[in-house]
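The structure under discussion appears below in the form of structure tokens.
Residue numbers (my numbering): 8 to 487.
Right, here's the structure in full:
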């Protein structure tokens, strides 16, 4: 009799998942570590005072970007002020160098799990100078008198202490992220960044509402403020949905196995998904970093003419700066998507696995076809990514909202990507749990249908010899 297990909906799988003891332990570990990270992120280092009233209004592009990537600790100048942003920068650089630019690293990247671990160790080492430089820049900007957000002691000993403490905090944040990845649910680094973004949203919306209230000069200012904020919030939701749509959009390239035979319907074949936004958030991070570097350097030369030029033309609060930022995002999207997908390596993997694209010759033709598909998707994804990245800055200029309060494209894309990744981790865990339950049910059903063990008796002595179902080859020979 055939056994047909009942299929469960995703909701039923999710309920069964939360009844799983091991999964609930993983959720508990994740929650504890994220809460610990958030608590440490809001406690300033000793001897440092934070003017919270100006913290949301006086952050330059350097502070805004690295506060976002660091998990939100920079705004309080806490132990996690540097956070995990140096590690992210190191990962990006190592990924770029591992693509035949540095042959030894490229060889490690192709060496499987062992090579991946060695690259990870090198990434942790490269993180150290990045953390030192970033901590030095934070302390220098905080103590040069050009900001009213944070104040810190200006003597060399105190600055060295803060730099080393922030660097140690960066490695502690990386350790917490690793523990979440190993013992918890989802990607730890991504979840820490997501927690920082979500923690800043309520205060950001309140500050935006207060700013819009100050701009409302009408008979009923409160009603006008509510309408303005509703329009802003609606635009935020639409931008969030559009980002989610782009992140989920893929171009499917059908794949066939050698010897599989003729297939009439290409939709029935497995496929290679090429994302419309194949480069992810990296182009926005690159563009933001490049735009923030001259602005950060100009902070150390308050009276120079170059500072006025930078603020007038390179700042993201000006039309020229926003346009230049969009151009950088588009260029980096085309560049990084080819590194991320790597059509040449994909075509080689297809040949090794005896797979091919129907109607396309293996080798160079396959590489050319994948590159052409990637180019076409980039013509859609790159402008869309640039628009998503630029819209918050345009809103900031129109509504006169400080740059740090308008959640930029980087924050929205990270928030969407992290949420989708966490949701996929839940789906994967739910599928695994459901499979284990179905397997147990099928084993129980087969056991129930099996005949009961029959004992074999000797006809003369009526003595029970062996259960028939457990008989082995030696037992059968003894019976004979």
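Just so it is clear, CB atoms sit at the ideal spot from N, CA and C, and this is done for glycine as well.
Checklist entry - Per DSSP, what kind of secondary structure is residue 279 in: helix, strand or coil? => result Residue state for residue 279 is assigned as strand, using DSSP reduced to three classes.
Item to check | Beta-ladder partner(s) of residue 257, from DSSP | outcome: As DSSP reads the structure, residue 257 sits in a beta bridge with 282.
Checklist entry - Looking only at C-alpha atoms, which of 245, 39, 277 sits nearest to residue 362? => result When each option's Cα is compared against that of residue 362, the closest is 277.
Item to check | contact_flag[the stretch 335 to 351, the stretch 277 to 289] where n(CB pairs < 8 Å) is 3 or more | outcome: The count of Cβ pairs closer than 8 Å, one atom from the stretch 335 to 351 and one from the stretch 277 to 289, reaches three, so the stretches are in contact.
Checklist entry - In chain order, what residues of the same chain have a beta carbon less than 6 Å from the beta carbon of residue 256, not counting five sequence neighbours either side? => result Result list for residue 256: 283, in chain order.
Checklist entry - How big is the Cα-Cα spacing for residue 206 and residue 133? => result The alpha-carbon atoms of residue 206 and residue 133 are separated by roughly 29 Å.
Next on the checklist: Using a 10 Å radius around the Cβ and a threshold of 16 neighbouring Cβ atoms, would you call residue 80 buried or exposed?
Outcome noted: Taking all protein chains shown into account, residue 80 has 16 or more neighbouring C-beta atoms within 10 Å of its C-beta and is therefore buried.
Checklist entry - In chain order, what residues of the same chain have a beta carbon less than 6 Å from the beta carbon of residue 374, not counting five sequence neighbours either side? => result Excluding residues within five positions, the ones whose Cβ falls inside 6 Å are 350, 351, 354.
Item to check | Cutoff 6 Å; reference residue 189; Cβ partners in own chain excluding five residues on either side | outcome: So no residue of the chain qualifies.
Item to check | Counted within 10 angstroms of its Cβ, other Cβ atoms place residue 399 as buried (16 or more) or exposed | outcome: With 16 or more Cβ atoms within 10 Å of its Cβ, residue 399 is classed as buried.
Item to check | Cβ pair residue 288, residue 387 closer than 7 Å | outcome: Their beta carbons are not under 7 Å apart, which means residue 288 does not touch residue 387 by this criterion.
Item to check | residue 171: first and last residue of the uninterrupted alpha helix (DSSP H) it sits in | outcome: Per DSSP, residue 171 belongs to the alpha helix (DSSP H) from 163 to 190.
Checklist entry - Helix, strand or coil for residue 93 per DSSP? => result Looking at residue 93 - three-state DSSP - the assignment turns out to be helix.
Next on the checklist: Ignoring anything shorter than 4 residues, give me the alpha helix (DSSP H) runs that lie fully in the stretch 342 to 381, in order along the chain.
Outcome noted: Qualifying alpha helix (DSSP H) stretches, in chain order: 350 to 359.
Checklist entry - If you draw a straight line from the C-alpha of residue 93 to the C-alpha of residue 138, how long is it? => result Spanning the two alpha carbons is a distance of roughly 5 Å.
Next on the checklist: Under DSSP, the alpha helix (DSSP H) around residue 112 begins and ends at which residues?
Outcome noted: Per DSSP, the continuous alpha helix (DSSP H) segment holding residue 112 begins and ends at 110 to 116.
Checklist entry - residue 423 and residue 197 look like a contact to me (Cβ under 8 Å); what is the Cβ gap, rounded to whole Å? => result Actually they do not touch by this definition, with Cβ atoms about 11 Å apart.
Next on the checklist: Are the CB atoms of residue 215 and residue 391 within a distance shorter than 7 Å?
Outcome noted: Cβ distance not < 7 Å, so residue 391 and residue 215 don't count as in contact.
Checklist entry - On the three-state DSSP scale, how would you describe residue 209? => result Looking at residue 209 - three-state DSSP - the assignment turns out to be helix.
Next on the checklist: Which residue wins for smallest C-alpha separation from residue 417, given the options 200, 163, 168?
Outcome noted: Checked all of 200, 163, 168; the closest Cα to residue 417 is 200.
Checklist entry - Can you pull the DSSP bridge partners for residue 85? => result Under DSSP, residue 85 forms a beta bridge with 51.
Next on the checklist: Counting C-beta neighbours from all protein chains within 10 Å, is the total for residue 146 16 or more, i.e. buried, or is it exposed?
Outcome noted: Of the residues assessed, residue 146 falls on the buried side of the cut-off, its CB having 16 or more other CB atoms within 10 angstroms.
Next on the checklist: By the three-class DSSP mapping on this structure, what secondary structure does residue 485 have?
Outcome noted: Low per-residue confidence applies at residue 485: pLDDT is 41, beneath 50, and the placement is therefore not dependable, though the value from the model is reported in the following sentence. Correct three-state label for residue 485: helix.
Item to check | Buried or exposed (CB count within 10 angstroms, at least 16 for buried), residue 290 | outcome: Buried, because 16 or more other Cβ atoms sit within 10 Å of the Cβ of residue 290.
Checklist entry - How should residue 88 be labelled, buried or exposed, when 16 other C-beta atoms within 10 angstroms of its C-beta is the threshold for buried? => result Note on residue 88: 16 or more other CB atoms within 10 angstroms of its CB, so buried under the neighbour-count rule.
Item to check | Cβ distance (whole Å) where residue 48 is taken to contact residue 96 below 8 Å | outcome: The pair is not a contact, with the Cβ atoms about 19 Å apart (cut-off 8 Å).
Next on the checklist: If distances are taken between C-alpha atoms only, which option among 30, 195, 335 comes closest to residue 293?
Outcome noted: Minimum Cα distance to residue 293 is reached at 335.
Checklist entry - Is residue 193 near residue 184, with beta carbons less than 7 Å apart? => result Not a contact, by the Cβ cut-off of 7 Å.
Next on the checklist: Can you give me the C-alpha to C-alpha distance between residue 74 and residue 187, rounded to a whole angstrom?
Outcome noted: Computed Cα separation, rounded: 21 Å.
Checklist entry - Which same chain residues, not among the five before or five after residue 50, have their C-beta less than 6 Å away from its C-beta? => result Residues 85 of the same chain have their beta carbon placed closer than 6 Å to that of residue 50, with the five preceding and five following residues left out of the count.
Item to check | Cβ-Cβ distance between residue 99 and residue 142 below 7 Å | outcome: Cβ atoms of residue 99 and residue 142: not closer than 7 Å.
Next on the checklist: Rounded to the nearest angstrom, what separates residue 295 and residue 53 at their Cα positions?
Outcome noted: Approximately 31 Å, taken between the alpha carbons.
Checklist entry - If you count every other CB in all the chains shown that lies within 10 Å of the CB of residue 321, and 16 or more means buried, which is it? => result Residue 321 is buried by the Cβ-count criterion.
Item to check | Cutoff 6 Å; reference residue 125; Cβ partners in own chain excluding five residues on either side | outcome: Correct list, in chain order: 115.
Checklist entry - In chain order, what residues of the same chain lie with their CB nearer than 6 Å to the CB of residue 112, ignoring the 5 residues before and after it? => result Here residue 112 has 104, 105 as same chain residues with Cβ atoms under 6 Å from its own Cβ, once five neighbours each way along the sequence are excluded.
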